[in-house]
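Written out below as structure tokens is the structure these notes cover.
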Amino acid sequence: MAASAVRGAVALRTSVGRPVAFVRKIPWTAASSELREHFAQFGHVRKCIVPFDKDTGFHRGMGWIQFSSEEELQNALQQENHVIDGVKCLILFFS
Amino acid sequence: MAALLRPARWLLRAGAVPGLPLPLRLLAGGPGRPRVALCLPAACPGPAAGGLLSQARLYAIAAEKKNYLQEEPTSSHRRNASQFDWALMRLDNSVRRTGRIPKTLLQKVFDNTCHSGSPGGNQALLLLRSCGSLLPELKLSERTEFAHRIWDKLQKLGTVYDVSHYNALLKVYLQNEYKFSPTDFLAKMEEANIQPNRVTYQRLIAAYCNVGDIEGASKILGFMKTKDLPVTEAVFSALVTGHARAGDMENAENILTVMKEAGIEPGPDTYLALLNAYAEKGDIDHVKQTLEKVEKSDLYLMDRDLFQIIFSFSKAGYPQYVSEILEKITYERRYIPDAMNLILLLVTEKLEDTALQILLACPISREDGLNDFGSFFLRHCVTMDTPVEKLKHYCKKLKDAQMHTSALQFTLQCALLANKPDLAKALMNALKEEGFPVRTHYFWPLLVGYQKEKNVQGVIEILKGMHEMGVNPDQETYVNYVFPCFDSVKSVRAVLQENGCLPESNVFSQAELKSEAVNGNLDYILSFLESNTLPFSFTSLRGSLILGFRRSMNINLWSKITELLYKDGRYCQEPLGPTEAVGYFLYNLIDSMSDSEVQAKEEHLRQYFHQLKEMNVKIPENIYRGIRNLLDNYHVPELIKTMQLTISDLESTLEKLKAENQPVGDVLKQLILMLCSEENMQKALELKAKYESDMAVGGYAALINLCCRHDNAEDALNLKQEFDRLDSSAVLDTNKYVGLVKVLGKHGKLQDAINILKEMKEKDVLIKDATVLSFFHILNGAALRGETETVQQLHEAIVTLGLAKPSTTISSPLVTLYLEKDDLPTALEVAIDCHKKYKILPRIHDVLCKLIEKGETDLIQKAMDFVSQEQGEMTMLYDLFFAFLQTGNYKEAKKIIETPGIRARPTRLQWFCDRCISSNQVETLEKLVELTQKLFECDRDQLYYNLLKIYKINGDWQRADAVWNKMQEENIIPRGKTLRLLAEILRNSNQEVPFDVPELWDEDEKHSLDSSPLPEESNLQKDLLNACQWKKNKDAYNIFLKAQNRNVVFNGETYNSLIKLLLTKDNFTQAMQVKDFAETHIKGFTLNDAASSLLIITQVRRDYLKEALTTLKTALDLEQIPSRIAVTRLIQACALKGDLESIQAIQKMVNGLEDSIGLSNMVFINNIALAQIKNNNIDVAIENIENMLTSGNQTMEPQYFGLAYLFRKVIEEQLEPAVEKISIMAERLANQFAVYKPVTDLFLQLVDSGKVDDARALLQRCGAIAEQTPIFLVFCIRSSRRRGKAPALKSLLELIPELTEKEEAYTSIMKSYVLDNDVVSAKALYENLTAKNMKLNDLFLKRYAVFLKNAGESVPFTEPPESFEFYAKQLKESRENPL
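Protein chains in written order, with full-length UniProt numbering: chain A, 1 to 95; chain B, 1 to 1379.
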């Protein structure tokens, strides 16, 4: 899990200071396009990463969303519940 | 020798039995609990305690072992206990939460138990107990297999089974309906010499009854009667089942009457047995009647019992009656785990429909719709291969009942996890039918499954399946999950084509391309791009192409591909043009590389850029600038030059535009910027002259800056004037202004420079810290060049205009001017002048250093007078101190810092430390730390921290290690950061860290450096307590004196703290002074427990025994509890004086408090004997001891009867007659009374005092000593903690060679050898161990390896790579808390 977290973080390696949200508890049925679709309502999603474990073919339930602006990120953070495929995901500010 | 010793061992064992500690004796004799054990699958009663005889024997052995170890509980004892707690907690939690134990959990606990070495009996019981109905997910036969596996493995590991284990195994057999022969089972017990007890017989009866064998059951029943064992309800319940299963319901029912006749009322268990019997026959009427009967009686059946009836009905093939029983269930919350357990059991038994029925009946809160219930059921159905049609139906039911929101998806996930492709496909189809999306990544786990087996056909099937379902594999599917199954990407295309599943779209080609790119196969990429006919987006390829470029170093291919992408119309069409697309590509390529990579590939990149230039590939200016910045950051300036390709292009464009009379502003600016970045001032100025009328502000700004960089004051000034004429309100950026000031100042155009400064002020240019620093550099540069006028005027302007506030930094060039000229009087004069004007004293330290070097005493005097007058004496002293330190006049420095009344100034000290560190003056800093040792209020830790910092820079671990010792010497408590830094230095040099490295702890760092310099009166108490906390006894005492002078009285606690500190530091007189003051100033002041104890210790140390005795009496009268060590020291001191009366007085005083103090009776026994011996009453002493050990009413178990202290003192004091008589006594106790502890202690003390011959003689006379392993182990472990014990342990090993086989012994002994630097013995021990093929743990090997390395020897094996802490932790965890 740590490895994929690192990989994800590296993918957005200059994420410090960029509007990035960290999402946990993503249901297994959703992949990056579903995540992207959900978060598009808050703004323009520049990058969306849900790393998959190539050993299992499943992702590990977490991902990163990079918005175009801080404001869009705040929009997303302000919404209390993020339900994707009927499952409540946790969203955190990633710093 | 072993053969000789055998009788002694037997004797010992016989002697040990009466010495059972009380709790164990109770356990051993405890009769079976009267409660009847239930025989229900779902119930799991605690293990029944067993019969008297056999258990007593087993516990006796256990107790024998324990008694010794309890003297000093070794880690293995605790380890087992905590291992048990952990296992129990895990299993118990699982049962409580879910009603069951997952197989994986049990396996894990089992593995860990095995790993822990020798699992205790309780652990074995716990594991065995879990193998029955608590594993509903396992088939009955698998559960029993599991139990057998545990049984055999633990036996092999040395677990001793008693009757409780056999009974637990029987229970598991019953719960699992395991068919076995009860007679064989009994035979097995007999073979193991285990007596069956009542519970055993009861369960054997149940076993017979379960198969309807009444005859067998009767045989055992008869046997029980002959043994006069009571027949309990459990037996009757079993008989009900037995008769029923034999087909005789009438007799089954009759049992209830028989019971009543025997005086036993049928309880719920009996009725449940009867109910189950009816249920197995499908007799719902009788079940209902019986239930009604029970209801009317005062008996009560729990949900759990009703679940049992449901199970009986279902298993016997009467599921139609389940609903009638379900109606009677109350569904109390606490039975939910039981319900789950039953549901899983039913699924295991392939009775899924009934399972669902029960699941749906469960009252689950369905309010928020987000908490799904029933996942466990679905998962288990998948595991048990429930047909897909059923599963789909169940999902629908669960959804309709609003129990589960995504039942189908969850089931699909289970199928994927269990790698069941057919089921998964069917479920995906179902999803599709229900209108849910089926997504590409749903297929990935299946592909992974086939990929692992390299099953190409399987992969093809999945791809076909995807196609059928209308799901198109995307690039990721191919690249990550399909291609790895094949040997090469090329072969994939062929195989897919063959099987007709090559998609028509270009996704596959892109995937191929991506895959090849990632592999660095650029040939393929090029040929593909050349032959490709499909429209293709370059951006989609960018990421993989970058990876490909970085993996292949074929620059020609790099260039060709780039050129193709740039020039070929098929690529980079939309939305970016080729310049931008390729520009971004280049930017991303460089950006993706690390600086070291760029540096390593600099030559390649140079060629690449060169070739691109040749090919006339152009990129936009802004992207070029971005790339240039990147390269700048990577420190490859040479590459930047290669990048610039287009100056001549721009020139021709410019001319062309001009000729066509078109606006040239943009191109001109671009060209000027480019010339500026090429530092081509000549050409840039010519260009400006040529196109003067087209020039804009931006171009001028760049040109001005360029001229400043080229030190061209003339043109810079001219340009600036033209710039102003063009737009007088235009503002340059700060750096350009600063550049102008610099160059104008340098060329003596002072007025112009000052004008620029004025303009900066007028136009309100942003002044940053960096700007001020630039001003300093301008002034400093001028000062170093000796330009007095420039420095003074510019400084004046800057400060008066307010562009920078006067500070020691900005004004220091004024002094530097004269320091450089060695004009010390003027330098001092200027510094003093600065102070008069700005209240700052720049470079006074350097001025002083120079004055000292030159021996200008008069000027020094002048400087000092001024400083002390203006800034105070203290500042002057510090200035002088630092100057002496800096110039190496340590003696003078010492005199200064020892001036009475001087105190620590943290900020100044830190300033000097930083200075030393930045100029790496190790010796100066060392001297500073050394000389400030006694400085009042000096934060020693902080100073040592600085010292460590400089050692770290120099990688000097030896000196860092010395700091660690010095700090201990000074009794400094290091902060966390200091310890961490020290640990870091040691680790960096591969040294062992001799302490626990504290975790990062914020608060630790917050301890402020600058505590208020002058403690306010009100703060005195706080300061005093602070000083106490930091163990600064002198400071603390001084504060006390100060307060005393000012008539400030603190509270009692404060005085107690101070007294404690003073006593710890052995400042007895001062402590007494404080005590007197407190007693005379605070009414009812008394010392607290801790202070009293310390006082006793100090008094004993000073041989004031009478006073110490009084202190003890006072403390006890105040109902205080003195520390064990204080009382012990006092007793010991009295004993050595032969003062028997005092010892007996103390014994009376502390009577009843021994436990609170933690005082062992042995302290008195040892010391009374010692006192008697000192008084020449040897015989009395010996008689007393012998009486205590042999009389009927022993006060002390022989195993605790440690006389080591007495023996040691007698040997140390060379009381020969006493030694002789004691030896005789010890041997007599051993030979006649089988009490071996004293003789072993004596033996060890002889060894420890180096009297090896005496020890050997004793061993020969009394061979049983060699058998006292536990005592030896305690001795080894204790000895290994102190230095200088290696010889003793070595002798012990020679005398008792079999000790090497004990892990505790050999690890301790190795530790001791290492501690004492005994390489030869360490090597011998290691060889001895390896010769015996002992499995040595990593910590041992690490210790040995590091030891050998430090001794300059080669290590005969691979040194474990991690640190000591790592292995110590690992070992500790593997013993105590394995996970």
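Quick reminder that beta carbons are idealized off the backbone N, C-alpha and C, glycines included.
Just so you know, these numbers come straight off a predicted model, no measurement behind them.
What do you reckon, are the CB atoms on B:I364 and B:F373 nearer than 8 Å?
yes
Work out the CA separation of B:A87 and B:F443 for me, nearest whole Å.
If you draw a straight line from the Cα of B:F443 to the Cα of B:A87, it comes to about 39 Å.
Looking only at DSSP bridge pairs, what is B:R903 linked to?
B:F936
Under 8 Å Cβ-Cβ, which residues of chain A neighbour B:S297?
None at all; the shortest Cβ gap to chain A is about 49 Å.
Helix or strand or just coil, what does DSSP make of B:H835?
helix
Along chain B, which residues have their Cβ under 9 Å away from the Cβ of A:K47?
Under the 9 Å cutoff, chain B gives no residues; its nearest Cβ is about 11 Å from A:K47.
Could you check the C-alpha separation between B:R1278 and B:D961 for me, to the nearest Å?
So the alpha carbons of these two residues sit roughly 26 Å apart.
Grouping DSSP H, G and I as helix and E and B as strand, with all else coil, what is A:K47?
strand
What three-state label does DSSP hand B:K156 in the structure shown?
Here B:K156 sits in helix by DSSP.
Work out the CA separation of B:Q792 and B:I754 for me, nearest whole Å.
Near 12 Å, if we compare the C-alpha coordinates of B:Q792 and B:I754.
Closest Cβ-Cβ distance between A:G63 and chain B: below 8 Å?
No - not a single Cβ of chain B is within 8 Å of the one on A:G63.
Coil, strand or helix - residue 160 of chain A by DSSP:
Residue 160 of chain A lies beyond the range of chain A shown here (1 to 95); nothing can be said about it.
Closest to B:I101 by C-alpha separation, out of B:E137, B:F1164 and B:T653, would be which residue?
B:E137
Find the residues of chain A that neighbour B:W444, judging by a C-beta separation of less than 9 Å, and give them in chain order.
Scanning chain A for C-beta atoms nearer than 9 Å to the C-beta of B:W444 yields F52, K54, T56, G57 and F58, reported in chain order.
Closest residue to B:N946 among B:E930, B:F936 and B:E937 (Cα-Cα distance)
The option with the nearest alpha carbon to B:N946 is B:E930.
Would you please verify whether the beta carbon of A:A31 is less than 8 Å from any beta carbon of chain B?
Yes, A:A31 lies at the interface with chain B (some Cβ there is under 8 Å from its Cβ).
So, helix, strand or coil for B:K850, using DSSP?
helix
So, does the segment 619 to 633 of chain B touch the segment 575 to 589 of chain B, judging by three or more C-beta pairs under 8 Å?
yes
Do the CB positions of B:I1265 and B:T1240 come within less than 8 Å of each other?
yes
Do you know how far the Cα of B:T290 is from the Cα of B:T405?
41 Å
Please go through the same chain and pick out, in chain order, the residues whose beta-carbon is closer than 7 Å to the beta-carbon of B:S812, but skip the five residues on each side of it.
P842 and R843
Does the Cβ-Cβ distance between residue 1423 of chain B and B:K952 come in under 8 Å?
Here chain B covers residues 1 to 1379 and nothing more, so residue 1423 of chain B does not appear.
Inspect the beta-carbon positions of B:R143 and B:N193 and report whether they are closer than 8 Å.
no
Cβ shell of B:R1256 (< 8 Å), same chain only, five flanking positions each side left out
Here the set comprises L1295.
Min CB distance A:G86 to chain B below 8 Å:
yes
According to DSSP, is B:K720 helix, strand or coil?
helix
Bridge partners - B:H404, DSSP secondary structure assignment
Paired residues: none, contrary to the question.
Return the Cβ separation of B:E937 and B:R903 in integer angstroms, given the expectation that the two are a contact with Cβ distance under 8 Å.
5 Å
Please confirm if B:R439 has its CB atom under 8 Å from at least one CB of chain A.
yes
Along chain A, in chain order, which residues have C-beta atoms closer than 8 Å to that of B:S406?
P27, T29, D85, G86 and V87
Which chain A residues are close to B:N480, counting only those with a beta carbon under 8 Å from its beta carbon?
Neighbours of B:N480 across chain A, judged by C-beta separation under 8 Å: F52 and K54.
Tell me whether the beta-carbon of A:L77 lies closer than 8 Å to the beta-carbon of A:K25.
no
Using the Cα positions of B:K656 and B:K758, report the straight-line distance between them to the nearest angstrom.
43 Å
Closest to B:L828 by C-alpha separation, out of B:E853, B:Q1144 and B:I860, would be which residue?
B:I860
Would you decide whether B:M89 is buried or exposed? Buried here means 16 or more other CB atoms lie within 10 Å of its CB.
exposed
Pick helix, strand or coil for B:H747, following the three-state DSSP scheme.
coil
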